[in-house]
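Order-wise, the sequence lines are chains A and B.
Throughout the first sequence, residue numbering follows the numbering used here, covering 29 to 139 in sequence.
Throughout the second sequence, residue numbering follows the numbering used here, covering 11 to 124 in sequence.
For every residue, glycine included, the Cβ atom is placed at its ideal position computed from N, Cα and C.
On a predicted model such as this, the values are computed, not experimentally measured, just so you know.
Here's the structure we're looking at; comments come further down.
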Amino acid sequence: DAKTTQPPSMDCAEGRAANLPCNHSTISGNEYVYWYRQIHSQGPQYIIHGLKNNETNEMASLIITEDKKSSTLILPHATLRDTAVYYCIVLRMDSSYKLIFGSGTRLLVRP
Amino acid sequence: DTGVSQNPRHKITKRGQNVTFRCDPISEHNRLYWYRQTLGQGPEFLTYFQNEAQLEKSRLLSDRFSAERPKGSFSTLEIQRTEQGDSAMYLCASSSQQGAAEAFFGQGTRLTVV
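Following this line, the structure appears as structure tokens:
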């Protein structure tokens with residue numbers, strides 16, 4: 029599975045959009061991009077995933093570049109409860125679907 | 011069924027003792043995963059079941075660790091002769107076999123070996 033690179037930390041103001049980048053330059057065509065987050069002392073929580081097209085759900089939007097080498101998770105109106113570690117994971121669709129977590133991005137939403 | 015359930019939530023044990031954790035996945039999910047997480051790190055994959063078959067084990071899973079999933083329902087993770095380095099959060103996740111399904115995680119069991 030392709031490796032991902034994320035900034036170790038970011039912050040944003042409450043009510044503003046949080047844009048979390050992820051580089052996955054070795055990704056292949058049959059690999060998905062998944063995003064999870066982990067709020068302190070809880071298990072990771074699924075946010076969104078995509079193969080090559082942009083995706084949106086009730087939690088976030090996922091923008092994948094045309095060459096698939098990078099993506100951005102967008103939380104449109106960040107709240108204090110969005111403070112968490114965000115993990116970008118690349119997953120092969122024919123694998124066991126085991127998730128390989130990196131260090132993630134620690135997002136701090138400021139009041 | 012509201013989610014993945016793990017028990018106990020916390021376990022303190024003396025070095026050398028055996029411990030067992032339990033995971034109850036979401037009922038219709040046939041995939042079950044165990045992960046370990048130490049402070050400041052992302053979760054690390056330990057092992058994976060599809061139904062009752064254990065299909066993959068990480069090199070992190072030493073011979074002191076054993077996992078089972080009898081009848082493809084709940085799963086147990088046992089650590090024998092615990093060491094202080096085993097202190098961590100042990101997370102369980104489950105998912106369905108439908109395409110690229112997302113995994114649902116439990117709250118974890120925090121193990122402290124003293």
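query: Among residues of its own chain, excluding the 5 on either side of I55/A, which ones have a beta-carbon nearer than 8 angstroms to its beta-carbon?
result: Hits under 8 angstroms: A30, V61, K96, K97 and V118.
- request: Show which residues of chain B have a CB atom less than 9 angstroms away from the CB atom of Y114/A.
  value: Residues of chain B passing the Cβ test: none, with the nearest at roughly 11 angstroms.
query: Over what stretch of residues does the beta strand (DSSP E) that includes H105/A continue unbroken?
result: Careful: H105/A lies outside any beta strand (DSSP E) and carries neither H nor E.
- request: Using a Cβ cut-off of 8 angstroms (strictly closer), state whether Y100/B contacts chain A.
  value: Judged by the 8 angstroms Cβ criterion, Y100/B is not in contact with chain A.
- prompt: How far does the beta strand (DSSP E) with A103/B in it reach, from first residue to last?
  reply: Note, A103/B: beta strand (DSSP E), A98 to S105.
- prompt: If the cut is a Cβ gap below 9 angstroms, which residues of chain B does Q70/A touch?
  reply: At a C-beta separation below 9 angstroms, Q70/A has these neighbours in chain B: F115, Q117 and G118.
field: Proximity below 8 angstroms, CB of Q47/B to CB of P53/B
entry: For the pair Q47/B and P53/B, the CB atoms are nearer than the 8 angstroms cut-off.
task: Grab me the residues of E78/B's own chain with a C-beta within less than 6 angstroms of its C-beta, minus the 5 sequence neighbours each way, in chain order.
output: Excluding positions up to five away in sequence, the list reads T86.
- request: State yes or no: is the beta carbon of F75/B nearer than 8 angstroms to at least one beta carbon in chain A?
  value: It does not: the Cβ of F75/B has no partner Cβ on chain A nearer than 8 angstroms.
field: K80/A: contacting residues in chain B (beta-carbon distance under 8 angstroms)
entry: Neighbourhood of K80/A in chain B, by CB distance below 8 angstroms: empty, with the nearest CB roughly 12 angstroms away.
query: Quick one: does G130/A have its CB under 8 angstroms from some CB of chain B?
result: G130/A belongs to the set of residues whose beta carbon lies under 8 angstroms from a beta carbon in chain B.
message: Does K126/A come out as helix, strand or coil in the three-state DSSP assignment?
response: It is coil, neither helix nor strand.
field: Residues bridged to P49/A [DSSP beta-bridge criterion]
entry: Partner(s): T100/A.
- prompt: Is it a yes or a no for the segment 16 to 24 of chain B touching the segment 92 to 111 of chain A, going by three-plus beta-carbon pairs under 8 angstroms?
  reply: Not touching, per the Cβ criterion.
task: Give a yes or no on whether the minimum CB-CB distance between S124/A and chain B is below 8 angstroms.
output: With its beta carbon less than 8 angstroms from one in chain B, S124/A belongs to the interface.
- prompt: Would you say L70/B faces chain A, with C-beta separation under 8 angstroms as the test?
  reply: Not one chain A Cβ lies under 8 angstroms of L70/B.
- prompt: Given that R91/B touches chain A, what residues does it touch there, using C-beta distances under 7 angstroms?
  reply: Those do not exist, as R91/B stays about 26 angstroms from chain A at its closest Cβ, beyond 7 angstroms.
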